[in-house]
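Undergrad:
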Amino acid sequence: MAPALELHLDEALNPAQRRAVLHGDGPLLVFAGAGSGKTRVITYRIAHLVGVREVQPWRILAVTFTNKAAGEMRTRVQKLLRNAAEGMWVTTFHSACLRILRRWPERVGLRPGFTIYDDGDQMRVLKRVIEASGRWERVDARMVRGKIDAAKNKGVGPAEFRTHDWVDDVVAKVYPAYEGALRRANAVDFSDLLMLAMRLLETDVEVRDHYRSRWHHVLVDEFQDTNVVQYRLVRALVPPGEGRRNVAVVGDDDQAIYGWRGAEVTNILGFAQDYPDAEVVLLEQNYRSTGNILEAAASVVAKNRSRQPKALFTEQAPGALLTWLELRDEHEEARTAVQGLQALVGREGFALRECAFFVRVGAQTRVLEEALRGARVPHRVIGAMRFYERAEIQDALSYLHALHNPDDDVSLERILNVPPRGLGKTTEEALKAWAAFRGRTLWQAIVAATGGAGGTLGAGGTLGAGAAADSDEGAPELKPAAQKKLTAFRVLFDELREMSARVTPSALLKETLQRTGYLKQLEADGSFEAEGRAENLSELLGATEQFEHAWAHDVGDGQLPALGDYLDGVALQSDQDLLTGGDDYLPVMTVHAAKGLEFRAVFLIGMEEGVFPHIRSIHEPGREEEERRLAYVAITRARDYLFFTTARWRTLAGAAASNVPSRYLRDIPSHLVHRPLADEEADEPYAARRDDGWGPRRAARDGDGDGNDRDRGGEGGGGTWLDRADAHADPDVPSRGQRVRHVRFGVGQVTEVRGDKVTVRFPGVGLKTILGSHLQPA
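Quick note on this note's numbering: the sequence shown kicks off at 948 and runs consecutively.
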């Protein structure tokens, strides 16, 4: 196998890629520009380590950030090695940490079978903790969750949390109570997966030595997206100053766009300081985008100061010009984008899945969805309500979570009276009050109320944590009828829990839906909505069976997964996993959700100041640089065609404003951009315009027949293409006036008033025309 693999390297890799793949021992830092083949480098390096250098597969750990990326990497490695990759960990950070915690739960204060709480579960626990305090009824639980997640992303636990203002004072009190609630429920949130694993590796010598001796090579993809905890995990496994230091990190600082959730671009920019002997390789040849798209992207990101300079190039032709359409408002913008999509699909023969609509914020999708539905274009909003967030799916999964871990109060509380079994609020509150007073779980209260210790089985056949309550603690006071119904629930629960240890997850799910009466209730309802919910549950059952088959083939060596394995798989799903499948639909998503993807044609909707760049990023240098990187990511998702749209008038988040084009459009050289609507009257309907703007336009740099297009998109008609765009947005005669305040733009000065529309100049933002009802005196 080794000679055949070596023979392919010269053909499969360019010189820079080969240098990274053939790097020997010691640290390696690869700056991989957009579309430069970083996944190819990682997979070929793994294949070279195993197939040529004869490193055993189980000695290798490769981590990335999404299930989709990990799956693609794993498939490529298996293909290169002809399926000789047994025991290798090719996974995400969260999945790797979960596997570590599943093996060593007691060492971090957990019990086997612990539950992973999603965002909704996390919010319910926080609200309960805040309400129980009786002192912070006005506190926003989402704000508290954000503070706690930010602390965990930096490795800061409740004991280390430091306060700086009154909000932090509240968080400092809620944080330990929240952690206590999680541990009583034998549960963790997503941030815990990383932080607990990090602390385990940093403080437990036995565990750290186990994994250091196991993994001789650690490879990290998308290193620019690592947070403090993830980098500490890497350093715990591969310390800079001792032992084997075979760590290879690959990433692109120009694509670091997750600072808002704790990612630190300094991790990749400062890697060579921590590992001073690291070999640094720059991948600068782009294989994805046309020359024009690549030149536009480079012109945008080049203005950032905190970056590793790169000179991306491509051997592809310049390709079509970028198209910029300036529309009247967001409704005309949406209709025009849909018309353009249909024209492009019909003219070029693209599938809908090969195109995408990108927005900066999720609120922009509503108008786009209306236009897509009106045109009957199949589409899916990535990042909207996921399949697993639907009420009936959450009900079914809550049953499975509670059966797997009876101490999971959140899941047990959800299913206690679902479907209705006569256990109302009075019974629930009595059980919760008994548990809260004694520091017990809801399941322990149920056990106490229905006769004490029973036969519920925990993971591996042992008695669950809630199976017994001290006899001298008494029992919750319930009415005889409620106690009878609760006993029936416990008997059913015990039987299903005993079954969970010996049947497949899909069989358990099917039996649970039948024996609890959930499906029967939907059948009795008979409504269209109930029919749809039943269909969703059938889809869930099918997805569970598919998971079992995939597990048996890829992970379980022919064995089916246990219930905990299935629940872990569901918990680690991401939005990008929704892009799998054979249906043809248009993806509509935020730019953040598009990271790591590529499309034949991309429509960037709403390229205006205050929208993209977002208003919150404009005045902060660090955030402005990340926002510019986000624009770079958006542009480099496109392979063949890139379309920008701007609206002269936009209502967003309840505020109507007249916007100027984005600064990122100003950064793109005019010869790269075609503006078919720039000379049209602002109020002329799009359908009446002669040039629909969606045909392939080629750059005209030599005057050989495309000069008219160049005149309209470049310097023709007077001034540059940007000057002509600004002329649509600036007021005619500015005049001084009253100082006013706006919720998004801050304090500004009125320059013009026309009826109920007021034009205001905001420092650092520019002119905005806003409804007077949205302004207050400053």
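Using N, Cα and C, we set each Cβ at its ideal position, and we do this for glycine too.
Buried or exposed: which applies to A1079, given that a residue is buried once 16 or more other Cβ atoms fall within 10 Å of its Cβ?
TA: exposed
Undergrad: Following the continuous alpha helix (DSSP H) through Y1222, name the residue where it begins and the one where it ends.
TA: That residue, Y1222, is in no alpha helix (DSSP H); it is neither H nor E in DSSP.
Undergrad: For H970, which of helix, strand or coil comes out of DSSP?
TA: coil
Undergrad: Report the residue ranges of all alpha helix (DSSP H) runs contained in full by the stretch 968-1050; include only those spanning at least 4 residues, in chain order.
TA: 985-998, 1014-1027, 1040-1050
Undergrad: Roughly how many angstroms lie between the CA atoms of S1617 and A1243, to the nearest whole one?
TA: 10 Å
Undergrad: So the candidates are A1298, L1433, V1306; which of them puts its Cα closest to the Cα of L1359?
TA: L1433
Undergrad: In terms of DSSP beta bridges, what is E1555 paired with?
TA: P1608
Undergrad: Quick one: does the C-beta of V1197 sit closer than 7 Å to a heavy atom of the ligand SAM?
TA: In the structure on display, the ligand SAM does not appear, and there are no ligands present to speak of.
Undergrad: Per DSSP, what kind of secondary structure is T1237 in: helix, strand or coil?
TA: coil
Undergrad: Measure from the alpha carbon of H1621 to the alpha carbon of each residue in T1592, R1610, L1599, then state which is nearest.
TA: T1592
Undergrad: For the candidate residues L1443, R1282, K1094, whose alpha-carbon lies nearest to that of L1455?
TA: L1443
Undergrad: Can you have a look at W1390 and say buried or exposed, based on whether 16 or more other CB atoms are within 10 angstroms of its CB?
TA: buried
Undergrad: To test your reading of the DSSP string, which unbroken alpha helix (DSSP H) runs of 4 or more residues are found completely within the stretch 1455-1489?
TA: Taking only runs of at least 4 residues, the alpha helix (DSSP H) segments lying wholly in the stretch 1455-1489 are 1465-1472.
Undergrad: Between the C-alpha atoms of G1401 and V1394, what's the straight-line distance to the nearest angstrom?
TA: Residue placement at G1401 is poorly supported in this model, since its pLDDT is 47, which falls under 50; the coordinates are not used for a value here.
Undergrad: What does DSSP give as the partner residues of P1724 in its beta bridges?
TA: Paired residues: V1687.
Undergrad: So what does DSSP say about V1680, is it helix, strand or coil?
TA: Any reading at V1680 is ruled out, since the residue's pLDDT is 30, under 50, leaving its predicted position unreliable.
Undergrad: What is the residue span of the beta strand (DSSP E) that Y1588 lies within?
TA: 1585-1599
Undergrad: E1556 to K1257, Cα distance in whole Å?
TA: 27 Å
Undergrad: Looking only at its chain, what residues have a beta carbon closer than 6 Å to the beta carbon of L1589, apart from the 5 residues adjacent to it on each side?
TA: I1240, L1269, V1549
Undergrad: Between P1366 and K1457, what straight-line distance do the alpha-carbon atoms span, to the nearest angstrom?
TA: 15 Å
Undergrad: Can you list, in chain order, the residues of its chain whose CB lies under 8 Å from that of H1157, leaving out five sequence neighbours each side?
TA: Once the five neighbours on either side are set aside, H1157 has no close Cβ partner at all.
Undergrad: Using beta-carbon positions only, say whether L1507 and E1492 come within less than 8 Å of one another.
TA: no
Undergrad: With a CB to CB cut of under 6 Å and the five nearest residues on each side skipped, what residues in its chain are close to L1612?
TA: M1554
Undergrad: Please go through the stretch 1415-1448 and give each complete alpha helix (DSSP H) segment of 4 or more residues, from N-terminal end onward.
TA: 1427-1447
Undergrad: Which of the three DSSP states, helix, strand or coil, is assigned to P962?
TA: Helix, per DSSP.
Undergrad: Under the assumption that V1228 contacts R966 (Cβ atoms under 8 Å), give the Cβ distance between them as a whole number of angstroms.
TA: 5 Å
Undergrad: Can you tell me whether N1030 is buried or exposed, with buried defined as 16 or more other CB within 10 angstroms of its CB?
TA: exposed
Undergrad: List the endpoints of the continuous beta strand (DSSP E) containing R1275.
TA: 1269-1276
Undergrad: Start and end of the alpha helix (DSSP H) containing H1157?
TA: Under the DSSP assignment, H1157 falls in the alpha helix (DSSP H) whose first and last residues are 1152-1161.
Undergrad: Taking the beta strand (DSSP E) that K1715 falls in, what are its first and last residues?
TA: Per DSSP, K1715 belongs to the beta strand (DSSP E) from 1713-1718.
Undergrad: If I measure Cβ to Cβ from Y1532 and keep anything under 6 Å in the same chain, skipping five residues before and after, which residues do I get?
TA: L1299, P1325, H1326, R1327
Undergrad: State the Cα-Cα distance for the pair P897 and L1363, rounded to the nearest angstrom.
TA: Within the shown structure, residues of the chain are numbered from 948 to 1725, placing residue 897 beyond reach of any answer.
Undergrad: Touching or not, the stretch 1687-1698 and the stretch 1708-1716, by the rule of three or more beta carbon pairs under 8 Å?
TA: Three or more beta-carbon pairs separated by less than 8 Å link the stretch 1687-1698 to the stretch 1708-1716, which places the two stretches in contact.
Undergrad: Measure the Cβ-Cβ separation of H1351 and G1060 and say whether it is below 8 Å.
TA: yes
Undergrad: Applying the 10 Å Cβ sphere with the 16-neighbour rule, what's the burial state of P1423?
TA: Around the beta carbon of P1423, 16 or more other beta carbons lie within 10 angstroms, which makes this residue buried.
Undergrad: Can you check which of these residues, E1277, C1302, R1586, H1278, is closest to Q1289 by C-alpha distance?
TA: C1302
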